[in-house]
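Structure first, then comments.
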Amino acid sequence: MAKQPKPEELAKVDYTPPMTAWMDTPAVLKPGNFCNAAKEKSLQLLDMPNPRTWSAKDDDWKLPDNWKEIVLEGLRERLDKYRSLRVFMDICVRCGACADKCHFFIGTGDPKNMPVLRAELLRSIYRKEFTTAGKILGRFAGAREMSLDVLKEWWYYFFQCTECRRCSVFCPYGIDQAEITMVGRELLNLLGLNIDWIMGPASACYHKGNHLGLEPHTFKSSIEFFLDDIEEITGIRPEPTFNRKGAEILFVTPSGDVFADPGTYTCMGYLLLFHELGLDYTWSTYASEGGNFGFFTSMDVAQKLNYKIYAEAKRLGVKWILGGECGHMWRVLNQYMDTWNGPADFLEVPTSPITGTRFDAAKSTKMIHIAEFTADLMRHGKLKLDPSRNDNKILTWHDSCNTARGMGFFEEPRYVLKKVVNNFYEMPENTIREKTFCCGSGSGLNASENMDIRLKGGLPRANAVKYVNEKFGVNFVGNICAIDRAALTTSIDYWAPGVRVTGLHELVGNALVMEGEKKRTSDLRGEPLPGCEAEE
Amino acid sequence: MKTVSCSDIKATLDDEGFLTDSAEWNEEVACLIAAEEGVELTEEMMSIIRFLRGYYYEYHAFPILRQVCRDIHQARGCIQDNFVDPMRAWKIAGLPHLVGVEFISTDPEGRIYETSTPG
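Line by line, the protein sequences give chains F and L. Just so we're aligned: the first sequence equals residues 21 to 556 in the numbering used here. Just so we're aligned: the second sequence equals residues 111 to 229 in the numbering used here.
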């Protein structure tokens with residue numbers, strides 16, 4: 021892969037806007053700032069329009085002759101369908117409050133990464149086609165004609181937005197930029213203009229159950245491998261079950277947890293916790309993906325991929341569903357699943373079998389997040405914990421955009437964190453909770469060919485991590501998102517080397533004192549526990 | 111696409127350096143691809159390569175890296191220690207590019223590679 025410039029170089033951001041007006045400044049597709057085109061086969065598997073081999077680098081994107089008609093008709097349909105979209109198209113007064121809130125703008129200085137201008141890319145076409153002022157006054161009313169250049173500009177910039185919604189927090193009207201990007205991407209998908217890193221996983225998920233395309237026996241063998249590790253570390257071998265009918269709870273987590281470090285250690289944490297509780301739960305090799313890359317494609321694809329969670333819950337006859345640590349997975353589950361594929365009347369309101377707590381906030385979706393489940397266990401004193409096992413770790417907490425801004429999950433993970441670690445420092449106030457900065461690679465942009473934009477977009481988050489690293493000696497950043505675990509590992513390593521990334525339940529697994537366990541000398545990574553260094 | 115050869119052995123690699131037909135692979139082909147990648151194969155490296163192939167044919171997936179090292183009784187990090195980029199080992203094993211598997215280095219001096227997977 022291409023070498024990256026040194027961090028000092030990449031951090032020199034030029035904020036001088038181009039001399040030409042934005043409508044007269046066509047997008048230039050810079051290498052490292054866009055992703056490979058979606059493959060023909062992925063589109064075919066999902067029955068998506070215009071499957072073919074193409075490349076964004078070519079002049080000819082192999083579009084259907086009537087592409088303009090398709091896009092404009094697609095926009096019309098969505099304006100009719102989503103009242104919110106029409107409001108977001110009409111209401112912006114271009115006050116600029118959002119302009120410098122986007123991590124991609126901060127990291128690139130490209131004005132089209134200001135949320136207001138990114139939205140104008142679509143809004144200008146809306147005005148031209150759907151407003152009287154735009155039809156008559158044209159450019160004076162901020163309207164412009166749809167053209168191939170505009171289409172390419174959309175593709176470039178709608179795949180440079182991670183749908184993190186930080187800008188929306190600062191918008192006096194609450195315009196949801198993520199929804200604008202989502203519509204922009206839907207329109208592009210009508211022409212087969214997606215990226216490989218999204219369509220590959222989405223089609224693999226549709227075909228085989230998860231983004232990585234892990235087959236049932238592979239999925240199972242990965243978890244069995246964790247059991248070997250767990251047994252070596254704790255002397256205990258949990259006995260998880262798969263596709264078990266009649267289990268009380270179905271557990272669904274992003275497949276990254278089953279395959280990629282450091283998510284695998286978080287997965288080991290789940291296994292330890294469930295074993296200690298004696299939880300009556302099952303994994304599924306069919307609903308083996310909590311994440312949903314369809315969500316970065318279109319609502320239809322997202323709905324299709326999401327469907328199997330309820331379908332499997334019904335097939336297995338479980339009472340309710342527990343979900344693992346993931347970000348966008350929870351935006352989907354919390355805000356869309358119920359209306360797409362619900363109501364799940366065949367399930368019961370999630371009730372912790374250990375504490376008796378009924379999670380009424382999930383009374384409609386019937387699915388709760390493991391951070392709230394574990395926080396509740398701790399609040400009722402049901403877990404024996406030894407936080408000193410994490411004493412060689414100095415933590416800070418990254419609020420994942422979708423769980424934080426999407427579902428207001430600020431306290432639950434912190435409550436758990438404070439029970440399992442002794443050293444915890446917050447990053448600066450304007451970079452956490454609802455104002456948290458994106459990892460820089462969310463919404464399906466954590467590929468490798470767009471590393472330049474990923475690192476630039478990751479700078480604001482990493483910079484805050486670096487701050488607490490220098491001030492308090494922070495050496496771990498915790499989070500509850502699988503994309504964060506993959507993406508932050510890369511960007512933090514680049515911008516703030518020496519700080520590592522961990523999931524919440526990895527820390528829980530380390531601190532959990534289990535019945536019948538042997539004296540532990542190493543943590544879940546196989547690294548010595550504090551005080552055991554000499555024994556190693 | 112290019113054809114690489116050494117005496118009478120030939121192999122066809124795609125634009126990214128993956129063997130176009132995994133079935134064409136044998137240990138001599140591995141040496142050929144390794145040369146393309148600028149790697150000289152040792153016995154330790156060959157045991158990793160053999161494991162990767164065995165794993166792929168059974169599971170159709172890229173294994174968890176530390177699982178490889180454990181199963182062939184080598185130190186954790188054996189793949190990176192030997193190949194730097196795990197994908198290089200995969201290529202030498204003659205296996206196809208898989209969906210959602212990328213290994214990323216953020217260090218321009220280059221010893222730290224990480225897995226990137228779709229969440």
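Glycine included, every Cβ here is placed at the ideal spot set by N, Cα and C. Keep in mind it's a predicted model, so treat the numbers as computed, not measured.
Tell me which residues of the region 234–248 of chain F have at least one Cβ-Cβ distance to chain L shorter than 8 angstroms, keeping chain order. Listed in sequence order: Leu234, Glu235, His237, Thr238, Ser241, Ser242, Phe245 and Asp248.
Provide the residue span of the alpha helix (DSSP H) that contains Met155 (chain L), from first to last. Sequence index remark: in the second sequence, residue 155 (chain L) carries index 45 (1-based). From DSSP, the alpha helix (DSSP H) with Met155 (chain L) extends over Glu153 to Tyr169.
In terms of residues, what are the limits of the alpha helix (DSSP H) holding Phe393 (chain F)? Numbered from 1 along the first sequence, position 373 holds the residue referred to as residue 393 (chain F). Per DSSP, the continuous alpha helix (DSSP H) segment holding Phe393 (chain F) begins and ends at Ile390 to Arg399.
Three-state secondary structure (DSSP) of Ala121 (chain L): To locate residue 121 (chain L), count along the second sequence from 1; it is residue 11. Three-state result, Ala121 (chain L): strand.
Is it the case that the region 205–221 of chain F contacts the region 310–323 of chain F, given that we only count it when at least three CB pairs across the two stretches are under 8 angstroms? Yes, since at least three Cβ pairs between the region 310–323 of chain F and the region 205–221 of chain F fall closer than 8 angstroms, the two stretches touch.
Whole-number beta carbon distance between Ile390 (chain F) and Phe492 (chain F), since they are thought to touch under 8 angstroms: Mapped onto the first sequence, residue 492 (chain F) falls at position 472. Mapped onto the first sequence, residue 390 (chain F) falls at position 370. The pair is not a contact, with the Cβ atoms about 27 angstroms apart (cut-off 8 angstroms).
I'd like to confirm the pairing. Which residues does DSSP put opposite Trp303 (chain F) in its beta bridges? To locate residue 303 (chain F), count along the first sequence from 1; it is residue 283. Its beta-bridge partners are F:Phe262 and F:Phe271.
On a CA-only basis, which of F:Tyr306, F:Gly194 and F:Gln64 is nearest Val272 (chain F)? Give me that one, please. Taking the first sequence and counting its residues from 1, the one referred to as residue 272 (chain F) is at position 252. If we check each option's Cα against that of Val272 (chain F), F:Tyr306 comes out closest.
Hey, does Pro37 (chain F) have any beta-carbon neighbour from chain L nearer than 8 angstroms? In the first sequence, residue 37 (chain F) corresponds to position 17, counting from 1. By this cut-off, Pro37 (chain F) is not an interface position.
Which residues in chain F have a C-beta closer than 7 angstroms to the C-beta of Arg163 (chain L)? List them in chain order. Counting from one through the second sequence, the residue named residue 163 (chain L) turns up at place 53. Counting only Cβ-Cβ distances below 7 angstroms, Arg163 (chain L) has no contacts in chain F at all, with the closest Cβ about 15 angstroms away.
Return the chain-ordered list of same chain residues with a C-beta closer than 6 angstroms to the C-beta of Val33 (chain F), the five sequence neighbours on each side being excluded. Within the first sequence, residue 33 (chain F) is the residue found at index 13, counting from 1. The beta carbon of Val33 (chain F) is closer than 6 angstroms to those of Gly129 in its chain, skipping five residues each way along the sequence.
Hey, quick one: how far does the beta strand (DSSP E) through Phe313 (chain F) stretch, first residue to last? Residue numbering aside, residue 313 (chain F) sits at position 293 when the first sequence is read from its first letter. Boundaries for Phe313 (chain F): no beta strand (DSSP E) harbours it, and the DSSP string shows neither H nor E there.
Taking Cβ positions, are Leu524 (chain F) and Met288 (chain F) nearer each other than 8 angstroms? Translated into the one-based positions of the first sequence, residue 524 (chain F) becomes position 504. Translated into the one-based positions of the first sequence, residue 288 (chain F) becomes position 268. In terms of Cβ geometry, Leu524 (chain F) and Met288 (chain F) do not form a close pair [threshold 8 angstroms].
Examine chain F for any beta-carbon lying closer than 8 angstroms to the beta-carbon of Gln190 (chain L), and answer yes or no. Position 80 of the second sequence, counted from the first residue, corresponds to residue 190 (chain L). No, because no Cβ of chain F sits closer than 8 angstroms to the Cβ of Gln190 (chain L).
Simplified DSSP assignment, three categories, for Ala333 (chain F): To locate residue 333 (chain F), count along the first sequence from 1; it is residue 313. Helix, per DSSP.
Leu232 (chain F) touches chain L at which residues, Cβ-Cβ below 9 angstroms? The residue given as residue 232 (chain F) occupies position 212 in the first sequence. Those are Ala171, Phe172, Leu208, Val209, Gly210, Val211, Thr227 and Pro228, listed as they occur along chain L.
Does chain L have any CB closer than 8 angstroms to the CB of Gly220 (chain F)? Within the first sequence, numbered from 1, the residue matching residue 220 (chain F) stands at position 200. Gly220 (chain F) counts as touching chain L.
Taking the beta strand (DSSP E) that Val497 (chain F) falls in, what are its first and last residues? Position 477 of the first sequence holds residue 497 (chain F). In the DSSP assignment, Val497 (chain F) falls within the unbroken beta strand (DSSP E) covering Phe496 to Asn499.
Less than 8 angstroms between the beta carbons of Val521 (chain F) and Val497 (chain F), yes or no? As a working mapping, residue 521 (chain F) is identified with position 501 in the first sequence. As a working mapping, residue 497 (chain F) is identified with position 477 in the first sequence. At the C-beta level, Val521 (chain F) and Val497 (chain F) come within 8 angstroms of one another.
Host alpha helix (DSSP H) of Leu157 (chain F) (start-end): Taking the first sequence and counting its residues from 1, the one referred to as residue 157 (chain F) is at position 137. Per DSSP, the unbroken alpha helix (DSSP H) holding Leu157 (chain F) starts and ends at Thr152 to Leu157.
What's the gap between the Cα of Ser215 (chain L) and the Cα of Tyr514 (chain F)? Taking the second sequence and counting its residues from 1, the one referred to as residue 215 (chain L) is at position 105. Taking the first sequence and counting its residues from 1, the one referred to as residue 514 (chain F) is at position 494. Confidence at Ser215 (chain L) is low in this model, with a pLDDT of 47, below 50, so the placement of that residue is unreliable and no value is reported for it.
Ile341 (chain F), enclosing beta strand (DSSP E) - first and last residue: If you number the first sequence from 1, residue 341 (chain F) lands on position 321. That run of the beta strand (DSSP E) goes Trp340 to Gly343.
Inter-residue Cα distance where the pair is Leu292 (chain F) and Glu537 (chain F): As a position in the first sequence, residue 292 (chain F) is number 272, starting the count at 1. As a position in the first sequence, residue 537 (chain F) is number 517, starting the count at 1. For the pair Leu292 (chain F) and Glu537 (chain F), the Cα-to-Cα distance works out to about 11 angstroms.
Within a Cβ cutoff of 8 angstroms, which residues of the same chain sit near Pro282 (chain F), ignoring the five residues on either side of it in sequence? Taking the first sequence and counting its residues from 1, one reaches residue 282 (chain F) at position 262. Arg505, Thr509, Arg520, Val521, Thr522, Gly523, Glu526 and Arg545, listed in sequence order.
I'd like to know if the region 437–447 of chain F and the region 357–367 of chain F are in contact, where contact means that at least 3 CB-CB pairs between them fall below 8 angstroms. Output reads no: the region 357–367 of chain F does not touch the region 437–447 of chain F.
Express the C-alpha separation of Ala57 (chain F) and Gln64 (chain F) in angstroms, rounding to a whole number. Taking the first sequence and counting its residues from 1, one reaches residue 64 (chain F) at position 44. Taking the first sequence and counting its residues from 1, one reaches residue 57 (chain F) at position 37. One Cα belongs to Gln64 (chain F), the other to Ala57 (chain F), and the distance between them is close to 14 angstroms.
Just to confirm, is the Cβ distance from Arg185 (chain F) to Lys121 (chain F) under 8 angstroms? By one-based count along the first sequence, residue 185 (chain F) stands at place 165. By one-based count along the first sequence, residue 121 (chain F) stands at place 101. Going by C-beta atoms, Arg185 (chain F) is not nearer than 8 angstroms to Lys121 (chain F).
Find the nearest neighbour of Trp417 (chain F) within the set F:Gly518, F:Lys50, F:Asn495 and F:Ala395, judged by alpha-carbon distance. The sequence position of residue 417 (chain F) within the first sequence is 397, counting from 1. Considering only F:Gly518, F:Lys50, F:Asn495 and F:Ala395, the residue with the shortest C-alpha distance to Trp417 (chain F) is F:Asn495.
Go to Arg520 (chain F), then tell me how far its alpha helix (DSSP H) extends in each direction, as first and last residue. Numbered from 1 along the first sequence, position 500 holds the residue referred to as residue 520 (chain F). According to the DSSP assignment, Arg520 (chain F) belongs to no alpha helix (DSSP H) but to the beta strand (DSSP E) extending over Arg520 to Gly523.
Relative to chain C, which residues along the region 188–199 of chain F have a C-beta separation below 7 angstroms, given in chain order? In the structure shown, chain C cannot be found, because the protein chains are F and L.
Could you spell out the range, first to last residue, of the beta strand (DSSP E) harbouring Leu415 (chain F)? One-based indexing of the first sequence puts residue 415 (chain F) at position 395. Its beta strand (DSSP E) spans residues Leu415 to Trp417.
Distance CB(Leu207 (chain F))-CB(Gly94 (chain F)) smaller than 8 angstroms: Taking the first residue of the first sequence as position 1, residue 207 (chain F) is located at position 187. Taking the first residue of the first sequence as position 1, residue 94 (chain F) is located at position 74. Their beta carbons are under 8 angstroms apart, which means Leu207 (chain F) touches Gly94 (chain F) by this criterion.
Cα separation between Arg72 (chain F) and Glu60 (chain F)? Taking the first residue of the first sequence as 1, we reach residue 72 (chain F) at position 52. Taking the first residue of the first sequence as 1, we reach residue 60 (chain F) at position 40. Spanning the two alpha carbons is a distance of roughly 5 angstroms.
Excluding the 5 residues preceding and the 5 following Phe54 (chain F) in the sequence, name in chain order all residues of the same chain whose CB lies nearer than 7 angstroms to its CB. Position 34 of the first sequence holds residue 54 (chain F). Closer than 7 angstroms at Cβ, skipping near neighbours: Ala76, Tyr176, Phe179 and Asn470.
Using a C-beta cutoff of 8 angstroms, does Arg186 (chain L) count as contacting chain F? Your numbering for residue 186 (chain L) matches position 76 in the second sequence. Closer than 8 angstroms to some Cβ of chain F, the Cβ of Arg186 (chain L) qualifies, so yes.
Quick check on DSSP: helix, strand or coil for Thr130 (chain L)? Counting from 1 along the second sequence, the entry for residue 130 (chain L) is found at position 20. Coil.
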